[in-house]
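Protein chains: 2
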Amino acid sequence: MKKQSIEHTHLLILSLLAGEDMYGYQMITELARRSQNVFSMKEGTLYPVLHGLEKQGYVEAYQQAAESGRMRKYYRITRSGRGCLAEEKQSWEVYEGAVNAVLRFSAGLA
Amino acid sequence: MKKQSIEHTHLLILSLLAGEDMYGYQMITELARRSQNVFSMKEGTLYPVLHGLEKQGYVEAYQQAAESGRMRKYYRITRSGRGCLAEEKQSWEVYEGAVNAVLRFSAGLA
DNA sequence: TGACATACATAGAATATCTATGTATACTAT
DNA sequence: ATAGTATACATAGATATTCTATGTATGTCA
Chain V
18 MKKQSIEHTH LLILSLLAGE DMYGYQMITE LARRSQNVFS MKEGTLYPVL
68 HGLEKQGYVE AYQQAAESGR MRKYYRITRS GRGCLAEEKQ SWEVYEGAVN
118 AVLRFSAGLA
Chain X
18 MKKQSIEHTH LLILSLLAGE DMYGYQMITE LARRSQNVFS MKEGTLYPVL
68 HGLEKQGYVE AYQQAAESGR MRKYYRITRS GRGCLAEEKQ SWEVYEGAVN
118 AVLRFSAGLA
């Protein structure tokens with residue numbers, strides 16, 4: 018009925034990369050795991066965003082072979098990416114606080 | 018740079034109306050006030066959403082004159098609107114928890 | 001009476017995310 | 001060996017959401 022959207026995609030991706038370098042597919046599975054399946058980001062969302070982050074200099078890509086021999090494209094967060102993450106985190110907290118303030122207000126009246 | 022979007026518009030509007038009947042313009046100012054200016058919903062966002070909520074039967078509109086004599090269009094939340102609000106609230110909590118879980122995870126590693 | 005805030009409304013642009021699709025590799029079970 | 005499935009990256013086009021811009025009209029105050 019209503020889509021469960023991820024509008025803070027940048028925040029989530031940068032947050033994942035702040036912990037360790039990851040490749041695209043891994044980000045999708047990790048995000049699902051860490052959110053207990055609340056988030057199921059699609060490839061069609063992730064890859065364009067990832068390329069955008071790279072163009073902005075927030076992440077850097079490098080190729081590396083898995084043990085299987087298969088090539089994977091890993092992403093690493095940059096210094097400026099960490100700055101962006103800090104900002105996004107802050108703005109998430111502001112947003113979260115604002116929603117909860119509105120909810121509490123009505124609850125208080127009910 | 019990046020828009021501070023309100024994607025949980027339904028939740029916020031229904032939440033306002035759960036406290037008291039309101040007219041459109043009032044919702045905008047109240048939302049700003051209660052969120053300490055984090056939210057500044059635009060008319061172009063509000064009115065279409067309001068009409069949609071009405072069509073879905075979640076709110077009902079009625080005309081009423083202000084003391085000034087001016088006509089205003091008030092909205093009242095319906096029974097099914099309260100049901101919708103409860104669902105939206107729940108899904109906001111799930112979403113909020115999931116974002117924070119992802120953030121905490123990375124913070125724990127840093 | 002002119003400026004400004006209030007009040008409702010819609011069209012069109014911009015943005016974000018999803019669906020669908022394509023390609024290719026590695027693993028697993030028959 | 002080979003068919004099916006999971007992995008892995010990618011893009012085009014559709015859909016959804018919100019904003020910008022604009023229009024109309026009323027009430028208030030200097």
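Residue numbers (my numbering), protein chains in the order written: chain V, 18 to 127; chain X, 18 to 127. Just so you know, even glycine gets a beta-carbon here, dropped at the ideal spot from N, CA and C. These figures come from a predicted structure and were not determined experimentally.
Give the secondary structure of residue i by DSSP, where H, G and I count as helix, E and B as strand, and everything else as coil.
{"i": "V:Tyr112", "result": "helix"}
{"i": "V:Glu60", "result": "helix"}
{"i": "X:Ala83", "result": "coil"}
Less than 8 Å between the CB atoms is what I'm expecting for residue i and residue j, so what's the real figure, rounded?
{"i": "X:Val55", "j": "V:Val55", "result": "With 8 Å as the limit, X:Val55 and V:Val55 do not qualify as a contact, their Cβ atoms being about 23 Å apart."}
{"i": "X:Tyr40", "j": "X:Tyr92", "result": "7 Å"}
{"i": "X:Glu113", "j": "V:Glu60", "result": "Wrong, their Cβ atoms sit about 25 Å apart, outside the cutoff."}
{"i": "V:Tyr115", "j": "X:Ser52", "result": "First, the amino acid is wrong: residue 115 of chain V is Ala here, not Tyr. Yes, V:Ala115 and X:Ser52 are in contact; Cβ-Cβ is about 4 Å, under 8 Å."}
Just mark residue i as buried or exposed, buried being the case when its beta carbon has 16 or more other beta carbons within 10 Å.
{"i": "X:Ala82", "result": "exposed"}
{"i": "X:Ser57", "result": "exposed"}
{"i": "X:Glu105", "result": "buried"}
{"i": "V:Ser123", "result": "buried"}
{"i": "X:Ala103", "result": "exposed"}
If you pair each beta-carbon of the segment 61 to 77 of chain V with each one of the segment 94 to 111 of chain V, do three or more pairs fall below 8 Å? The way I'd put it, the segment 61 to 77 of chain V does touch the segment 94 to 111 of chain V; three or more beta-carbon pairs between them come closer than 8 Å.
Any contact between the segment 45 to 60 of chain X and the segment 110 to 119 of chain V? By contact I mean 3 or more CB pairs, one from each, below 8 Å. Yes, the segment 45 to 60 of chain X touches the segment 110 to 119 of chain V.
At least three beta-carbon pairs within less than 8 Å, the segment 27 to 42 of chain V to the segment 52 to 69 of chain V: Counting C-beta pairs closer than 8 Å gives three or more between the segment 27 to 42 of chain V and the segment 52 to 69 of chain V, which meets the contact rule.
Report the residue ranges of all alpha helix (DSSP H) runs contained in full by the segment 28 to 55 of chain X; include only those spanning at least 4 residues, in chain order. 41 to 51
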